[in-house]
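Asker: Just so you know, we're using my numbering here: the sequence shown kicks off at 18 and counts up by one.
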Amino acid sequence: MKTLKIAIQKSGRLNEKSVELLKNCGLSFENYKSSLISTVSNFPLEILFLRDDDIPEYVQDGIADLGIVGENVINETEVDVAYLQMLGFGKCSLKLAVPNNGQIQSLSDLSGKAIATSYPNILKKFLAKNNVAADIRTISGSVEIAPGLGLSDAICDLVSTGGTLKSNGLIPFGDVMHSQAVLIGRKGDEQNPLIVELLQRVQSVLRAKETKYVVLNIERKNLDAIKSLLSGIKSPTVVPLAEEGWVAVHTVVAEKDFWDKISQMKAVGAQGIVVMPIEKIIL
Ligand code: PRT
Ligand code: ZN
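1) Using the beta-carbon count (16 or more within 10 Å), is L44 buried or exposed?
2) In chain order, what residues of the same chain lie with their CB nearer than 7 Å to the CB of T20, ignoring the 5 residues before and after it?
3) Evaluate T254 with the Cβ neighbour count: other Cβ atoms within 10 Å of its Cβ, from every protein chain shown; 16 or more gives buried, anything less gives exposed.
4) Looking only at its chain, what residues have a beta carbon closer than 6 Å to the beta carbon of L166, apart from the 5 residues adjacent to it on each side?
5) Would you say the beta carbon of R68 is closer than 7 Å to some non-hydrogen atom of the ligand ZN?
6) For the beta strand (DSSP E) that R224 lies in, which residues bound it at each end?
7) Does any heavy atom of the ligand PRT sit closer than 7 Å to the C-beta of L31?
8) If you run the structure through DSSP and keep just helix, strand and coil, what is P257?
9) Among N32, Y49, C42 and V76, which has the Cα closest to the Cα of D206?
10) Do M282 and Y230 have their CB atoms nearer than 8 Å?
11) Measuring alpha carbon to alpha carbon, tell me which of L113, L144 and I91 ends up nearest V103.
12) Contact between the region 178 to 185 and the region 200 to 216 is defined here as three or more beta-carbon pairs at a separation below 8 Å; is this criterion met?
13) Is it buried or exposed for V256, if we count other Cβ within 10 angstroms and need 16 for buried?
14) Are L101 and I201 close, meaning C-beta to C-beta below 8 Å?
15) Three or more C-beta pairs under 8 Å: does that hold for the region 234 to 246 against the region 112 to 119?
16) Given a cut-off of 8 Å, decide if L127 and V98 are closer than it, judged by their beta-carbon atoms.
17) Using a Cβ-based criterion (distance less than 7 Å to any ligand heavy atom), does C42 qualify as near the ligand PRT?
18) How about N59 and V222: do their beta carbons lie closer than 8 Å?
19) Identify the continuous beta strand (DSSP E) that holds F190 and give its terminal residues.
20) In whole angstroms, what is the alpha-carbon distance linking P189 and E37?
21) Q26 by DSSP, collapsed to three states: which one?
22) Return yes when the C-beta of C109 is under 7 Å from any heavy atom of the ligand PRT, and no when it is not.
23) Looking at the strands, I want to know which residues DSSP matches up with S245.
24) Counting only C-beta atoms, is L38 closer than 8 Å to chain D at any point?
25) For T56, which residues in the same chain have their Cβ closer than 6 Å to its Cβ, ignoring the five residues on either side in sequence?
26) Nearest to F106 by alpha carbon, out of L53, L39 and K34?
27) Across which residues does DSSP place I279 in a beta bridge pair?
28) Under 7 Å from any heavy atom of the ligand PRT, does the C-beta of V90 make it?
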């Protein structure tokens, strides 16, 4: 079968998490900072290390079969690719931001104003949808300094913590889009058995991240109360303890409601609760 190629960011915000995800999928490869391509030794896959801006087109044009890239880049390059899996990292928002002098208060105040951005295509569509006729100034980096330099009245840029906006005297003003890293593929390729296999591995790693393995001790008489709290993969595993009348319960708990569940378990008599990370969950 033809060796797959996956394009990931060579260096930058998505590189480390992309490499980590592939390694967690059990793929063995060298990650030399200097190389542009790395061969996986235990799966028919080559990894191409590229600038993120090139990844969507490489996938669309078939130079790579798969790619990991931010949705913001996909939307900006206006390619037609298949979203195979949202990856939950690289989260940020593309936001409008204005100087904190109070002159621009609403979207309509942007009419006739200049907005600096590295995302002209996304911004153009957003402004058209909101009936705002503004002048888009495309700049390739350090967008946040544009108003201070007199280049623009507002900006449209990616924000994660908001620290960059703040330190440049800008206030966020409206969300243009939310973004996170996505695994993309070429449309029509979804049934390729190697892609199916790799996608299953990715999903098992993501699922495991969202859950914790929990072992607890409880008196057998309180077992039903614990069971009603749990919605594990199947019903929990129950193992008798050496002490008469007590059992150990093994289960998985979703990360998002983890602390609530632990308090509820304690309230019905759970003791000696041990929590462990899960590496993979294969359904
Ligand atoms: O060299 P290459 O072209 O591959 O990389 P790049 O410099 O274009 O991109 P890079 O590595 O900066 O970002 C890659 C991807 O990470 C982006 O396309 C987004 O999908 C995602 N991402 C997540 C972010 C941020 N968070 C982010 N905060 N990309 C950029 N930023 C910028 C932000 O604009 C600000 O200037 O980081 C700065 C700090 O942000 P605050 O809000 O935390 O201060
Ligand atoms: Zn880039």
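A virtual CB, placed ideally from N, CA and C, is assigned to each residue, including glycine.
Answerer: This is what the structure gives:
1) buried
2) The residues are P61, L62 and E63.
3) Exposed, by the Cβ-count rule.
4) None.
5) yes
6) R224 -> not in any beta strand (DSSP E); alpha helix (DSSP H) instead, spanning P210 to K226.
7) Checking the Cβ of L31 against the ligand PRT gives yes.
8) Collapsing the DSSP output to three states places P257 in a strand.
9) Of the candidates N32, Y49, C42 and V76, the one whose C-alpha sits nearest the C-alpha of D206 is V76.
10) no
11) According to the sequence shown, residue 103 is Met rather than Val. The residue with the shortest Cα to Cα distance from M103 is I91.
12) no
13) exposed
14) yes
15) Short answer: they don't touch.
16) Their beta carbons are not under 8 Å apart, which means V98 does not touch L127 by this criterion.
17) Not under cutoff, so the answer is no.
18) no
19) Membership of F190 in the beta strand (DSSP E) is indicated by the continuous run L187 to S196.
20) A direct Cα-Cα distance of roughly 32 Å separates P189 from E37.
21) strand
22) For the ligand PRT, a non-hydrogen atom lies closer than 7 Å to the CB of C109.
23) BP columns for S245 are empty, so no partner.
24) Note that chain D does not occur in the displayed structure, where there is just one protein chain.
25) E63
26) When only C-alpha atoms are compared, the closest one is K34.
27) I279 has no beta-bridge partner at all, per DSSP.
28) yes
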